Structure formats: C-alpha cells, structure tokens
Amino acid sequence: IKREYQELREYHQAKTAKKQFLSFAAAQKNKTPITWKENDMYTPSLTGNRTFDNVDLSRLRTYIDWTPFFSTWELAGKYPAIFNDKVVGEEAKKLFDDANILLDRIIEEKWLIAKAVIGMWPANVVGEVIEIYKDKERKEVLGQFHTLRQQFKKASEQANISLSDFIAPKETGLEDYIGGFAVTAGLGIEEWVERFEKDHDDYNSILLKALADRLAEALAEMMHEKVRKDLWGYAKDEDIDNNELIRENYQGVRPAPGYPACPDHREKGILFKLLDAEKQVGVKLTESYAMYPAASVSGLYFAHPKSKYFGLGKIEKDQVKDYAKRKNESVEETEKWLAPNLNYDR
Numbered sequence: 171i172k173r174e175y176q177e178l179r180e181y182h183q184a185k186t187a188k189k190q191f192l193s194f195a196a197a198q199k200n201k202t203p204i205t206w207k208e209n210d211m212y213t214p215s216l217t218g219n220r221t222f223d224n225v226d227l228s229r230l231r232t233y234i235d236w237t238p239f240f241s242t243w244e245l246a247g248k249y250p251a252i253f254n255d256k257v258v259g260e261e262a263k264k265l266f267d268d269a270n271i272l273l274d275r276i277i278e279e280k281w282l283i284a285k286a287v288i289g290m291w292p293a294n295v296v297g298e299v300i301e302i303y304k305d306k307e308r309k310e311v312l313g314q315f316h317t318l319r320q321q322f323k324k325a326s327e328q329a330n331i332s333l334s335d336f337i338a339p340k341e342t343g344l345e346d347y348i349g350g351f352a353v354t355a356g357l358g359i360e361e362w363v364e365r366f367e368k369d370h371d372d373y374n375s376i377l378l379k380a381l382a383d384r385l386a387e388a389l390a391e392m393m394h395e396k397v398r399k400d401l402w403g404y405a406k407d408e409d410i411d412n413n414e415l416i417r418e419n420y421q422g423v424r425p426a427p428g429y430p431a432c433p434d435h436r437e438k439g440i441l442f443k444l445l446d447a448e449k450q451v452g453v454k455l456t457e458s459y460a461m462y463p464a465a466s467v468s469g470l471y472f473a474h475p476k477s478k479y480f481g482l483g484k485i486e487k488d489q490v491k492d493y494a495k496r497k498n499e500s501v502e503e504t505e506k507w508l509a510p511n512l513n514y515d516r
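Listed below in structure tokens is the structure:
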C-alpha cells in the first residue's frame, strides 16, 4: 500500500508538472545524492540461486495482505476497517468469510503448489546500466538491467530517480550486490478453475484466482523478509509485525519489471534467464512478457538504505534514444514498449 501511494504521488506529480521536463543529461545530473561507502555494502550469505519447493500454504496465509483482495471485487476500503463500512461492510465480511472457507480447502486438500527461486549476484552500475557479474572477480558480465530515469521537473532538492541510483557505480570500486526473485502460488490452479467453470460457478472460480494472487504476493513478502534477515542478511535484527510488513516499513525495495519504476516488461526476460525461473519454479513468460501462471510475482531486490519506490512518469525522446542505443535496438522498437511513458507523439 505504501508503495502504491508513493507511485501514485509520483504519477500525479508527473501529470501536473505540465510539460516541464529536463533534458536527459540534466536529469542524470540530478540523480539521488548518495555518498557511497563501504558500510552500506552488504555481502549476501547466499550468492547464486536457491529454490524453495512446496512452500507451506498455511504459513503463507499469515502474510496475506487482504486490502487488495477487496479491490478485486471493487469494494473500496482497508482491511479490517472495511467490515465497519456502512455501504460495503456486510458484503466485504461475507466475501472474506467465503474466501477463508475456500482457503481452508485449498490448504487442506493441497490444491495449489507454491514455489520460489531467489538469486543474489555481484553488481555495479555503469551509466544507467546495472551490470550483473558471474562471480566476485566481477570480470564476466552475466546480464544487464537497463534502467530509466525520471525526467519531469521536480521541486527543488528533489532528485530525478532511477533504480541505477541504488547500486554502487563501478568507478567507486565498491563491491555491491543485487537480488532477484520469481515466486508462484498458481501451480495446479487450472484443474480447479476448470471444475468451477464446468459447473458454471463463476463466483468460486474468481475467488480461487483472487486467493492464488494473494498467496503469490504473500510469498513475495515472505521471501523478501527471508532475504533481508537471512539470505542477504542486511537486516538480521529486523523485528516487525505483519502490519508493518504490509506498510513496507523495512530497509530495501523489490520493484517489478513492468511496474512504475521500471515499466519495460522485457527486463523480466533477463531476470528469468538469471534465475532459470521456468525450470526452477515452472513460471513462463508469454510473448508479451506476462507471467504464467498468472498468480506469480517477480522482481529485483535492492538493499541500500536510500532505495525507495517511485513512478517513472513521462520521458522525453532524448532518453528514449539513449535507452534504444543501450539495448541495441531501433528507437521505434523502444517506443512500442514504452508507449504509455512517452511525453511526445510518435
């Protein structure tokens, strides 16, 4: 929720900035001010990839954020306060009770399988590119994540943010890292959806899909906690409850390709290759880079204390040209994938 509000604020700011944009070069100069130091480098206890099979669904249940579940049904309100709402409270409570009855069955009868794969790799930034290295020698590049930078004019003292701001530049000589993940709670769902639809039971079909989505997000939350406290270990002493988890009151972020901070869905392709995600957890990417099963989540882990969620907003052609050059593709191809973010007519 905290992330969504931050992204909405940035989006609103971008919209109301009424054509006031910086050149890409000026935006780069106004990046997040970080004094890079050794103390902010955290060497993960895990390097490479680790897969988690058959994650306990009853444990995942405790990590569920129910508020977006009600949004699926177009019921506005935060959980659990929504139950006291004079307009939708009664309907929300019935829906919640039905969902938990179905969730009991899903867990008891093992309808769904949840899996996760986590990766931690040496990384540094070169320009606007996050380079991923094969090992701690940092000589062989395994892959690159191409980032985009906010270009709309900010209020004074506010930075034009890019995800590349949160990884140490190569020239600092500091040994930074980045993480990645792909999780799913949708394995096995087709059989049960087909059963419901065969019985013309649209209600339970939609309910099941919505619950699978919640479980996938819960798994993403649970694995991020494990990363912070154990696999990366930069917040070993973290002690927060589920409400604070939902509000994301912790160090580090997990932005997802295709979302406001990094809107190019194609970056999932690099992530999935690094994680070997299809083989490890059974999640595939479609031609449009959507994930299948749909109840899946993927993204990157950033650990720096200043890392934050943000919305890219609109960008100008000078940055689009730079991005296309970096990705070794035509400007037209880049424009196709970044169409909603273009501040000009193609």
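Under the numbering used here, the first residue of the sequence shown carries the number 171, and numbering increases by one thereafter.
All C-beta atoms, glycine included, are put in the ideal place defined by N, C-alpha and C.
Owing to the predicted nature of the structure, the values given are computational and were not obtained by experimental measurement.
Inter-residue Cα distance where the pair is residue i and residue j
i: Gly403; j: Gly218; result: 15 Å
i: Tyr420; j: Asp369; result: 45 Å
i: Glu361; j: Leu445; result: 27 Å
i: Leu230; j: Leu265; result: 20 Å
i: Asp226; j: Ala355; result: 11 Å
i: Arg308; j: Ala293; result: 8 Å
i: Met393; j: Leu482; result: 26 Å
i: Glu341; j: Ala405; result: 27 Å
i: Lys199; j: Ala464; result: 39 Å
i: Leu216; j: Tyr479; result: 24 Å
i: Val287; j: Lys379; result: 22 Å
i: Gly513; j: Asp488; result: Here residue 513 turns out to be Asn, not Gly, going by the sequence shown. Computed Cα separation, rounded: 11 Å.
i: Val258; j: Ser375; result: 22 Å
i: Arg496; j: Ala251; result: 48 Å
i: Thr237; j: Asp411; result: 16 Å
i: Ser326; j: Lys280; result: 54 Å
i: Phe253; j: Glu260; result: 6 Å
i: Leu344; j: Glu499; result: 31 Å
i: Ala197; j: Glu457; result: 32 Å
i: Asn209; j: Val296; result: 21 Å
i: Ala187; j: Pro430; result: Because the pLDDT at Ala187 is just 48, under 50, the model does not fix this residue reliably, and the value given afterwards should be weighed accordingly. If I take the Cα positions, the gap works out to 17 Å.
i: Arg220; j: Lys396; result: 12 Å
Check whether residue i and residue j have beta carbons under 8 Å apart
i: Gly350; j: Leu470; result: yes
i: Ala388; j: Ser466; result: no
i: Ile331; j: Gln320; result: yes
i: Asp268; j: Leu381; result: no
i: Leu455; j: Gly358; result: no
i: Gly428; j: Lys443; result: no
i: Asp492; j: Phe194; result: yes
i: Ala329; j: Thr202; result: yes
i: Glu301; j: Val311; result: yes
i: Ser228; j: Ile277; result: yes
i: Glu364; j: Tyr233; result: no
i: Asp255; j: Gly247; result: yes
i: Arg398; j: Glu414; result: no
i: Leu318; j: Ile485; result: yes
i: Phe517; j: Phe191; result: A query on residue 517 cannot be resolved here, the shown segment of the chain reaching from 171 to 516 and no further.
i: Trp291; j: Ile337; result: no
i: Pro433; j: Pro510; result: yes
Simplified DSSP assignment, three categories, for residue i
i: Pro238; result: helix
i: Gly259; result: helix
i: Met211; result: coil
i: Leu357; result: strand
i: Phe366; result: helix
i: Asn330; result: coil
i: Arg496; result: helix
i: Gly403; result: coil
i: Tyr420; result: coil
i: His474; result: coil
i: Arg516; result: coil
i: Lys454; result: strand
i: Val287; result: strand
i: Asp434; result: coil
i: Arg308; result: coil
i: Asp371; result: coil
i: Glu486; result: coil
i: Pro510; result: helix
i: Asp346; result: strand
i: Asn224; result: coil
i: Phe194; result: helix
i: Gly439; result: helix
i: Gly480; result: The sequence given here places Phe at residue 480; Gly does not occur at that position. Coil at Phe480, not helix or strand.
i: Ile337; result: coil
i: Ala352; result: strand
i: Glu301; result: strand
i: Ala293; result: strand
i: Asn270; result: helix
Nearest-angstrom Cβ-Cβ length linking residue i and residue j, presumed shorter than 8 Å
i: Met211; j: Asp346; result: 6 Å
i: Glu352; j: Ala473; result: Note that residue 352 corresponds to Ala in the displayed sequence, not to Glu. 19 Å between Cβ atoms; not a contact.
i: Pro214; j: Leu441; result: Actually they do not touch by this definition, with Cβ atoms about 17 Å apart.
i: Val453; j: Tyr462; result: 7 Å
i: Lys324; j: Asp223; result: No, Lys324 and Asp223 are not in contact; Cβ-Cβ is about 45 Å, not under 8 Å.
Proximity test, residue i beta-carbon vs the ligand ATP heavy atom, cut-off 7 Å
i: Val363; result: The model depicted lacks the ligand ATP and carries no ligand whatsoever.
Inspect the CB distances between the stretch 492-507 and the stretch 413-430 and report whether three or more fall short of 8 Å.
Taking a contact to require three or more Cβ pairs closer than 8 Å, the stretch 492-507 and the stretch 413-430 do not qualify as touching.
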